[in-house]
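Residue numbers (this note's numbering): 1477 to 1811.
Cβ atoms here follow ideal geometry from the backbone N, Cα and C, with glycine treated the same way.
Comments concern the structure below.
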Ligand code: AHG
Ligand code: MN
Ligand code: MN
């Protein structure tokens, strides 16, 4: 049971027994994610000093190459999980292929694979706007003791055992689910501890915010165009408010708290959509459903889409239940 002012560490331990296969391995994995998130947070906070310390690609005063923050975040998460020997494989938006973790002493004994978008909304870094990290955790399908295979990563979203995100915003938060609701923890930067600040997060059933890159309007499917016009029409409780940050994590986070819908449909430029099923949509869909929300590609539940490749893209409509269902209605009607 969620208690206020609890630290993330305490919460993970206390809720470990909720988990079907509680061996402590998932708890240790979540602990390494919370550690890596603090390291990345520290670096993201310094991003504004880049003019002083040198831009990504430059060489800094110590003669080290400065990394782009998305590569830095990728390295930190992978390194943390590798060093602690906590997963058997990692797939990242920043890597062409999955990484096999092969510990020397216990060969391929770990049970979990992690998929990660290490820095989401990275174009916002240069302008001091919130960015995030998204993670998704599955149990491997192949037997322990053997190297991981592609099929361990290509699983439908409903097989996830945990998923979450970190939002590096005005406050830094870690929000995650293990399938028993969604809880949000805020980082106290002075102490380096995460406190349970948002227990049992829920999307309001209805909302007043729609989030979409409307610059692509003329390129959108007819159903989306019509739904946007519906959001803008002056009827009942409309027009809705338009809010689009351009960081999925931040847009999702705001919509979950206030009620809203996020859409990234397909277009001529992105015929399959832009967002990645495994690193972005599937974990966000798990969180949404655990928070009483809905996630769809316009016609199908995101959680049931069988991935065929690691970097697969998919159209994404996600948020408050009644809003997503209304958007789906428009998609059906103007198919
Ligand atoms: P990433 O920075 O990991 O590549 O993700 C960016 C994604 C997502 O966070 C955001 O909502 C979307 O791309 C924005 O795309 P547009 O600039 O096309 O609107
Ligand atoms: Mn992203
Ligand atoms: Mn990214």
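Query	Result
Residue 1816: first and last residue of the uninterrupted alpha helix (DSSP H) it sits in	This structure leaves residue 1816 out entirely; the chain is present only between 1477 and 1811.
Continuous alpha helix (DSSP H) stretch holding residue 1725: start and end	1724-1734
Residues bridged to residue 1664 [DSSP beta-bridge criterion]	1669
DSSP beta-bridge partners of residue 1483	1671
Reduced DSSP secondary structure (H/G/I, E/B, other) of residue 1655	coil
Buried or exposed (CB count within 10 angstroms, at least 16 for buried), residue 1810	exposed
Rounded straight-line distance, which links the Cα of residue 1492 to that of residue 1509	16 Å
Inter-stretch contact at 8 Å, needing at least 3 Cβ pairs: the segment 1510-1519 / the segment 1583-1591	no
8 Å Cβ cutoff met for residue 1751 and residue 1724	yes
Complete beta strand (DSSP E) runs within the segment 1546-1615 (minimum length 3 residues, chain order)	1565-1568, 1588-1596, 1607-1615
Segment limits, beta strand (DSSP E) that includes residue 1812	One cannot answer for residue 1812 here, as it falls past the ends of the chain, which runs 1477 to 1811.
Segment contact, 8 Å Cβ cut-off, at least three pairs: the segment 1673-1693 with the segment 1714-1733	yes
Limits of the unbroken alpha helix (DSSP H) element including residue 1515	1501-1521
Residue 1636 beta carbon less than 8 Å from that of residue 1758	yes
Residue 1631 versus residue 1486 - alpha carbon distance	30 Å
For residue 1755, the three-state DSSP class (helix, strand or coil)	helix
Beta-bridge partners of residue 1649, as assigned by DSSP	1643, 1662
Delimiting residues of the alpha helix (DSSP H) encompassing residue 1629	1626-1629
Residues of its chain near residue 1488, where Cβ-Cβ distance is below 7 Å and the 5 sequence neighbours each way are ignored	1503, 1506, 1507
Beta-carbon proximity list for residue 1720, same chain, < 7 Å, skipping 5 on both sides	1687, 1688, 1689, 1727
Check: residue 1756 C-beta below 7 Å from any heavy atom of ligand 2	yes
Those residues which DSSP pairs with residue 1620 across a bridge	Answer is none; residue 1620 lacks a bridge partner.
Contact test: residue 1689 Cβ vs ligand 1 heavy atom, cutoff 7 Å	yes
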